[in-house]
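Structure, as structure tokens:
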Ligand code: ACO
């Protein structure tokens, strides 16, 4: 980005532009850095590998919102603030009750966030609002999950951390420690990721000086698509359809021959292994050793076949592939995978919204017109 706030390109100006804003720097940010060629992800200075299995989601949210990892007092203060915000306002509950049970969880989450914003949000985005909406994402989702299964939502438990409370609200049982650990690690890994499509969406809306709920609702919409956050349930569908190690090669060959994209592979920025996929692979190995055998074989074959299809263009496993194994291992139904991604990423979205408005200039690119000129108008009755 140029100092006057214009988009800038890292692409060679001599080369034709590829579309999809590839190579365009759309914002400056101190929140996270994705190094595509080396496969490195940094959250405000910290390599993701140093955070993945040791940090809590709340510590990462603090890092993103306040710019540093919390000390003991700061962490317990943030946990208390998040716990205090875990409420399900009547306006939102009424909207969730009105939705058909067949509603997709991402649609339910988007609708709940919008209803909450309508009732609760005014003015410029603030850190308090970022905490309030992040605290409520698991509450909204778990309420919807229970309602669509004919059960009443549960009261959140203030003594449980973010991941544990989400599992408790979904199942009504004391969550197992290894499930909490796995889900927490997932939430840490997915919290922010440079200028991905949903984050860019949130920043665009924030740049118009709209409110935080509108920016987050728009981001949920962007995340939902299968090219972005909608991939992991499709990975699980693929693993279910393949079923056995023996069936993997014919199934994958058939899919590729039909021009299908294999969910969980490829990435706009990574031209090396996605470090989050590396972490998730090791976690999945432990979380569900049986499913891991099939997933690993499918991964190896998919990479080999993608390479065979286009020898010059190497594709890698992305974060969504082992997400499917990880989230299934903690007992989540596959149609909650993408919405659980949002439970994590809302911390990143809100941090980006705050960063955007702190040094705002309306994001307003241009388009290249390819339509005709000077077409004479013909009145309706003469057409
Ligand atoms: N399976 C088969 N072929 C693929 C795949 C894939 N998963 N990904 C890319 N390709 C092929 C494309 O067909 C294209 O081939 P072509 O040059 O012959 O047309 C080439 O690789 C380059 O693909 P692009 O579309 O230019 O890649 P782009 O950067 O636009 O897209 C994306 C990246 C959307 C992630 C893509 O790799 C994809 O569709 N993957 C599958 C869906 C997926 O896993 N999404 C989750 C991404 S991670 C995240 O958002 C959290």
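In this note's numbering, the protein residues as written are 4 to 386. Heads up, the beta-carbon is just placed ideally off N, CA and C, and yes, glycines get one too.
- Annotated three-state conformation of residue 321 is coil, per DSSP.
- At the C-beta level, residue 240 and residue 120 stay beyond 9 Å of one another.
- DSSP, read as helix, strand or coil, puts residue 236 in helix.
- Excluding five sequence positions before and after residue 360, the CB atoms of its chain that fall closer than 7 Å to its own CB belong to 127, 128 and 209, given in chain order.
- Non-local beta-carbon contacts of residue 252 in its own chain, meaning distances under 6 Å to residues more than five positions away in sequence, involve 304 in chain order.
- In this structure, residue 321 lies away from residue 258, with their beta-carbon atoms at least 9 Å apart.
- In the DSSP assignment, residue 268 is bridged to 320.
- Following the DSSP letters along the chain, one finds residue 46 inside the beta strand (DSSP E) bounded by residues 43-46.
- If the five residues before and after residue 72 are omitted, its C-beta is found closer than 7 Å to the C-beta atoms of 62, 65 and 66, all from its own chain and listed in chain order.
- Bounds of the alpha helix (DSSP H) holding residue 82 are 75-87.
- If you compare the alpha carbons of 84, 212 and 374 with that of residue 136, the shortest gap goes to 84.
- Ranked by how close their Cα comes to the Cα of residue 219, the residues 229, 207 and 56 have 207 in first place.
- DSSP assignment within the stretch 186-242 yields the following whole alpha helix (DSSP H) runs of 4 residues or more, N-terminal first: 200-210 and 215-226.
- Setting aside the 5 residues that flank it on each side, residue 167 is surrounded in the same chain by 178 and 183, each with a C-beta closer than 6 Å to its C-beta; the list follows chain order.
- Residue pairing by DSSP places residue 50 opposite 45 in a beta bridge.
- A Cβ-Cβ contact shorter than 9 Å links residue 226 with residue 200.
- Per DSSP, the beta-bridge partners of residue 38 are 43.
- Considered as a whole, the stretch 75-156 harbours 75-87, 93-101, 108-123 and 130-151 as its complete alpha helix (DSSP H) runs of no fewer than 4 residues, in chain order.
- When distances are taken from the beta-carbon of residue 234 to the heavy atoms of the ligand ACO, the shortest one is below 8 Å.
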